[in-house]
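>
In the working numbering, the protein residues as written are 15 to 241.
As structure tokens, this is what we get:
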């Protein structure tokens with residue numbers, strides 16, 4: 015699917031915690047087209063006309079599913095671009111979105127033996143699959159989600175609407191039981207499972223290395239590490 019530019023309007027902002035925002039966009043014109051698990055480039059240059067060289071932008075995973083008319087993303091304020099977003103974006107703001115990019119769930123994998131691992135906002139690309147009918151194609155998927163605390167699980171409403179009723183979701187809250195344990199996850203699923211990993215870069219790198227060292231085939235470890 016070829017990436018296209020969409021002039022869009024920001025229609026809602028949620029700010030559940032300091033420095034964390036979930037924002038929603040609608041397209042001004044043509045309907046968004048993408049697959050679950052893909053990401054976009056967001057540009058907030060007010061002078062861009064949609065024709066000249068693409069302006070400064072940043073990548074964000076889409077947590078909405080392809081059947082929705084709007085797109086939601088969640089971001090944490092960390093660098094200069096997200097600080098500019100926090101300062102300048104308001105309901106009614108006009109932006110440019112360029113999408114789709116990535117092939118997270120289009121990569122070859124065994125839907126009968128799949129494990130999804132996410133830390134914090136790393137859950138967002140999974141939500142675009144979990145709330146889409148294609149998630150019913152997975153047989154007894156296992157889902158492991160790590161958050162700082164239960165309060166930081168701001169996605170519970172979306173998780174309650176999983177299309178696949180056979181999915182097993184385990185929540186790991188750092189303030190009560192510690193962080194996600196890749197060794198425990200491996201013990202519960204073994205070397206033949208397909209493992210999706212999404213979250214902070216250091217988590218992705220260490221979890222992938224641990225699985226490879228445990229003789230999980232490299233092609234069975236699929237990551238959302240486009241940043």
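Don't be surprised by glycine CBs; every beta carbon is placed ideally from N, CA and C.
Going by DSSP in three states, residue 57 sits in which element: helix, strand or coil?
Of the three classes helix, strand and coil, the one that applies to residue 57 here is strand, per DSSP.
> Exposed or buried, what is residue 97 when buried is set at 16 or more other beta-carbons lying within 10 Å of its beta-carbon?
Residue 97 should be labelled exposed.
> Determine, using beta carbons only, whether residue 178 and residue 215 come nearer to each other than 8 Å.
No, Cβ-Cβ distance for residue 178 and residue 215 is not below 8 Å.
> My output table needs one value for residue 140: the three-state DSSP class, helix, strand or coil.
Three-state DSSP puts residue 140 in a helix.
> Kindly indicate which three-state DSSP category residue 173 falls into: helix, strand or coil?
Correct three-state label for residue 173: helix.
> Note the first and the last residue of the continuous alpha helix (DSSP H) segment covering residue 41.
Where residue 41 is concerned, there is no enclosing alpha helix (DSSP H), although the beta strand (DSSP E) it sits in stretches over 34 to 41.
> Measuring CB atoms only, is the stretch 140 to 151 touching the stretch 71 to 81, in the sense that at least three cross pairs come out at less than 8 Å?
Yes, since at least three Cβ pairs between the stretch 140 to 151 and the stretch 71 to 81 fall closer than 8 Å, the two stretches touch.
> Would the beta-carbon of residue 146 fall within 8 Å of that of residue 208?
Not in contact: residue 146 and residue 208 (Cβ atoms no closer than 8 Å).
> I'd like the list of long-range same chain contacts for residue 59, defined as Cβ closer than 8 Å, with 5 residues on each side in sequence excluded.
For residue 59, where only same-chain residues beyond five positions count, the Cβ hits under 8 Å are 69, 70 and 110.
> Look at residue 105 and residue 17 and say whether their C-beta atoms are less than 8 Å apart.
Taking 8 Å as the Cβ cut-off, residue 105 and residue 17 do not qualify as a contacting pair.
> Where does the unbroken beta strand (DSSP E) through residue 131 begin, and where does it stop?
Note, residue 131: beta strand (DSSP E), 128 to 133.
> Since I believe residue 129 is in contact with residue 199 (beta carbons under 8 Å), could you give me their beta-carbon distance rounded to a whole number of angstroms?
The Cβ separation is near 7 Å, so the contact holds.
> Is residue 193 helix, strand or coil when you go by DSSP?
Coil.
> Starting from residue 149, trace the beta strand (DSSP E) in both directions and tell me its first and last residue.
Looking at the DSSP string, residue 149 is not in any beta strand (DSSP E), and its letter there is neither H nor E.
> Within 10 angstroms of its Cβ, does residue 210 collect 16 or more other Cβ (buried), or is it exposed?
Answer is buried; the Cβ neighbour count reaches 16.
> Can you tell me whether residue 85 is buried or exposed? The criterion is at least 16 other CB atoms within 10 Å of its CB, across all chains shown.
Buried.
> In three-state terms, what does DSSP make of residue 46?
It is coil, neither helix nor strand.
> According to DSSP, simplified to helix, strand and coil, what is residue 79?
Coil, per DSSP.
> Please check the pair residue 89 and residue 35, which I expect to be a contact at CB under 8 Å, by giving their CB distance rounded to whole angstroms.
With 8 Å as the limit, residue 89 and residue 35 qualify as a contact, their Cβ atoms being about 6 Å apart.
> Would residue 24 and residue 107 be called neighbours here (beta carbons separated by less than 8 Å)?
Yes. Within cutoff.
> Quick one, which of 229, 82 and 221 has its alpha-carbon nearest residue 237's?
That would be 221, whose Cα lies nearest to the Cα of residue 237.
> Cβ atoms of residue 45 and residue 100: under 8 Å apart, would you say?
In this structure, residue 45 does not lie closer than 8 Å to residue 100 by Cβ.
> With DSSP as the reference, please indicate the residues paired to residue 90 in a beta bridge.
DSSP output for residue 90 lists 34 as bridge partner(s).
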